[in-house]
Amino acid sequence: VRLEAHTGLAIAAEGAYVAALHTELTPELLREGLGREFVRRVQDLRKQADLEVADRIRLFVASTPDLGGAIRAHRDYIMGETLAVELNAAEPPEGAAQVEAWFDGQWMKVGLLRAE
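Count along the sequence shown from 1, add 59, and you get the number used in the working numbering.
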């Protein structure tokens with residue numbers, strides 16, 4: 060017997076056990092991935108800004124349309140993970156810690172301020 064994966068599946072076998080996984084990336088999964096990568100980059104920016112772990116922040120984001128859609132779709136998750144009390148679709152104001160980056164074909168400029 061020989062195992063052969065169909066298109067969109069990855070398979071692995073060990074002994075009598077076989078596992079198959081769907082490898083197709085749906086638009087929903089791609090948006091979730093963008094949202095998670097955005098959170099990672101905000102967390103890096105928090106560290107660069109020397110914020111305390113429990114500090115609340117105000118976020119400002121300018122981005123490509125696809126990334127903006129992912130951020131809107133996962134707004135609650137992003138705000139919870141980054142301790143944001145505001146998430147604004149706007150250029151970061153002066154004085155904000157900020158970063159500009161490209162990832163996964165998406166552009167963003169994100170800034171944060173410690174919430175008072």
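Beta carbons are placed, not taken as given, at the ideal position from N, Cα and C, and that holds for glycine. Given the structure is predicted, the values throughout are model-derived calculations rather than measurements.
Point to revise | Strand pairing of V169, partner residues [DSSP] | key: Among the bridge pairs identified by DSSP, V169 is matched with V120, V158.
Review point. Along the chain, where does the alpha helix (DSSP H) that runs through E87 open and close?
Key: For E87, the uninterrupted alpha helix (DSSP H) run begins and ends at 86-107, by DSSP.
Check your understanding: Looking at L89 and L171, is the spacing between their C-beta atoms short of 7 Å?
Key -> Taking 7 Å as the Cβ cut-off, L171 and L89 do not qualify as a contacting pair.
Check your understanding: Under three-state DSSP, which class holds E140?
Key -> The three-state reading of DSSP puts E140 in helix, counting H, G and I together.
Practice item. Please confirm whether L118 and L146 have their CB atoms less than 7 Å apart. Key: Yes, Cβ-Cβ distance for L118 and L146 is below 7 Å.
Practice item. With L80 as the anchor, note down where its beta strand (DSSP E) starts and where it stops. Key: For L80, the enclosing beta strand (DSSP E) stretches over residues 76-81.
Review point. L142 to K106, Cα distance in whole Å?
Key: Each residue's CA atom was taken as its position, placing L142 and K106 some 13 Å apart.
Review point. Rounded to a whole number of angstroms, what is the C-alpha to C-alpha distance between V98 and E87?
Key: Rounded to whole angstroms, V98 to E87 spans 17 Å at the Cα level.
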